[in-house]
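Residue numbers (UniProt numbering): 1 to 477. Structure first, commentary second.
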């Protein structure tokens, strides 16, 4: 009897490329959607509230966001041509863009006019990211921990007033805060903290989502949450390109959004290395380029489909580590679920009905955690050097100047008001420019070795420590 010829058993499919049975793909994909959902929908809610959109416009933003998140996640995980890193990475809106988008929208007059100006900057920034992707490894040395840590810390601190405004039901400094509204905010925050304290595993990753659902349910039972728009919304609908009008291209807004995407690119690089280590795949420079092309393509698509800038969500990176389910096709299935949710306006109407104080309580937890991630990143900086102290102190100081006194922008020319209208934008640019001044232009030779050490640990290209580095702000909730 002759032996049966069997395929080479050594040629096994890598767990990342394994296609699981459909039921498992659906269940594990839904798990990723739940882990990411709160972080995804909070951005359109905050933006709509800040620039004065009505509830129907907000519902459209939520639907467009979920649809584009799904498409972006499919692009990143499944990949095509040289786009997409083909790892289990979920794409979502970056928190880094929230404050700059609010500043751009308000500077353009708010409402739909503000939106189309935001979309103009998002489209150009997406194209910029797509085409710069192959060369980013040469630029990443300009974004060491002293820059990225300062920026992430500034983002967290500068966004806290937005969360506080929602937590008090948008009562201004001169108004009286309702005890009930404050109770909703503190109660939601307390529940999130308790879940993270007493639960591990998957429940811990969806603490914010549970807090939002529980807070909204209590508010509904007490008559403080309304879902009138639910009955008015259609069961099925798809966002159309440029729904709010043709994009408006403002040079200052575009520069601001490009800075956002540069910072996001550094963070995406860290997420790709972290995921590569979790799933046991070596990451090369071409993988980074593929991931950044996907970020750029998704961001461009976001501007066209009435959504926002996109990046990798690290909550989901943590979920991959937690569940040990490494298949990228699970994220592809999660993307398909998100696309489906984005076609259900009634689902968006439910999210739009979350009371502002409940949202504010959850946002306090999320944005404060962003600041902590910045502190963790700065802990890797050599502060025995006065240069780094000056970079951090000056960038945070200028960012807080604008955050505490928004009318500072009236003192500068109109073209500069986008920059001076956002503490995050001003602080980020300051950190980048001061790092160039102190650590690159005319650098003292004896400082070179120390500077290189800091840069290497920041970029992680070829180094292990980035793979365990704190991840991006929008994944830290």
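Using N, Cα and C, we set each Cβ at its ideal position, and we do this for glycine too. Predicted, not measured: the structure shown is a model, and the values here were computed from it.
Item to complete: State the Cα-Cα distance for the pair residue 415 and residue 256, rounded to the nearest angstrom.
Response: Position 415 of the chain shown holds residue 415. Position 256 of the chain shown holds residue 256. If you draw a straight line from the Cα of residue 415 to the Cα of residue 256, it is about 12 Å long.
Worksheet item: So what does DSSP say about residue 456, is it helix, strand or coil?
Response: Within the chain shown, the letter at position 456 stands for residue 456. Low confidence applies to residue 456: its pLDDT is 36, below 50, so where it sits in the model is not reliable, and the reading given next is rough at best. Here residue 456 sits in helix by DSSP.
Worksheet item: Which residue from 16, 65, 96 puts its Cα closest to that of residue 370?
Response: For the purposes of this step, residue 370 is taken as residue 370 along the chain shown, with counting starting at 1. It is 96.
Fill in: Where residue 326 falls: helix, strand or coil (DSSP)
Within the chain shown, the letter at position 326 stands for residue 326. It is coil, neither helix nor strand.
Fill in: Straight-line gap, residue 136 to residue 254 (C-alpha atoms, nearest Å)
Within the chain shown, numbered from 1, the residue matching residue 136 stands at position 136. Within the chain shown, numbered from 1, the residue matching residue 254 stands at position 254. Here the alpha carbons of residue 254 and residue 136 stand approximately 19 Å from one another.
Practice prompt. List the DSSP bridge partners of residue 312.
Written response: The residue you call residue 312 lines up with position 312 of the chain shown. Looking at the DSSP assignment, residue 312 forms a beta bridge with 91.
Practice prompt. Given a cut-off of 8 Å, decide if residue 78 and residue 298 are closer than it, judged by their beta-carbon atoms.
Written response: Here residue 298 refers to the residue found at position 298 when the chain shown is read from its first residue. Here residue 78 refers to the residue found at position 78 when the chain shown is read from its first residue. No, the pair does not count as a contact, with Cβ atoms beyond the cut-off.
Worksheet item: With 16 as the cutoff for other CB atoms within 10 Å, does residue 281 come out buried or exposed?
Response: Counting from 1 along the chain shown, the entry for residue 281 is found at position 281. Buried is the call here.
Discussion item. If I follow the unbroken alpha helix (DSSP H) through residue 267, where does it start and stop?
Written reply: Position 267 of the chain shown, counted from the start, is the residue given in the question as residue 267. Bounds of the alpha helix (DSSP H) holding residue 267 are 251-279.
Worksheet item: Roughly how many whole angstroms lie between the Cα atoms of residue 62 and residue 207?
Response: Counted from its first residue, the chain shown places residue 62 at position 62. Counted from its first residue, the chain shown places residue 207 at position 207. Distance between the alpha carbons of residue 62 and residue 207: 21 Å.
Worksheet item: Is residue 447 helix, strand or coil by DSSP?
Response: Numbered from its first residue, the chain shown carries residue 447 at position 447. Confidence is the limiting factor: at residue 447 the pLDDT is only 46, short of 50, which leaves the residue's position unreliable, though a coordinate-based value still follows. The answer is helix: DSSP assigns residue 447 an H, G or I state.
Fill in: Residue ranges of each alpha helix (DSSP H) within the region 143-197, 4 or longer
The qualifying runs are 145-167.
Item to complete: Could you say if the region 416-428 and the region 178-189 meet the contact criterion of at least three C-beta pairs nearer than 8 Å?
Response: Judged by Cβ distances under 8 Å, the region 416-428 makes no contact with the region 178-189, as fewer than three pairs qualify.
Worksheet item: How is residue 218 classed by DSSP in three states: helix, strand or coil?
Response: The sequence position of residue 218 within the chain shown is 218, counting from 1. Helix at residue 218.
Item to complete: Can you say whether residue 284 is buried or exposed, counting buried as having 16 or more other CB atoms within 10 angstroms of its CB?
Response: Here residue 284 corresponds to residue number 284 of the chain shown, with the count starting at 1. Here residue 284 is exposed: its Cβ has fewer than 16 other Cβ atoms, across all protein chains shown, within 10 Å.
Fill in: Element boundaries [alpha helix (DSSP H), containing residue 140]
Numbered from 1 along the chain shown, position 140 holds the residue referred to as residue 140. The continuous stretches of alpha helix (DSSP H) do not include residue 140, and DSSP gives it neither H nor E.
Practice prompt. Compare the Cα-Cα distances from residue 35 to each of 432, 434, 397, 317 and report the closest residue.
Written response: As a first step, residue 35 is located in the chain shown; it is residue number 35 there, counting from the start. When only C-alpha atoms are compared, the closest one is 317.
Fill in: Among 388, 93, 114, 408, nearest to residue 44 - alpha-carbon criterion
For this step, residue 44 is matched to residue 44 along the chain shown. That would be 93, whose Cα lies nearest to the Cα of residue 44.
Discussion item. Measuring alpha carbon to alpha carbon, tell me which residue in 22, 279, 250 is nearest residue 113.
Written reply: Residue numbering aside, residue 113 sits at position 113 when the chain shown is read from its first letter. If we check each option's Cα against that of residue 113, 250 comes out closest.
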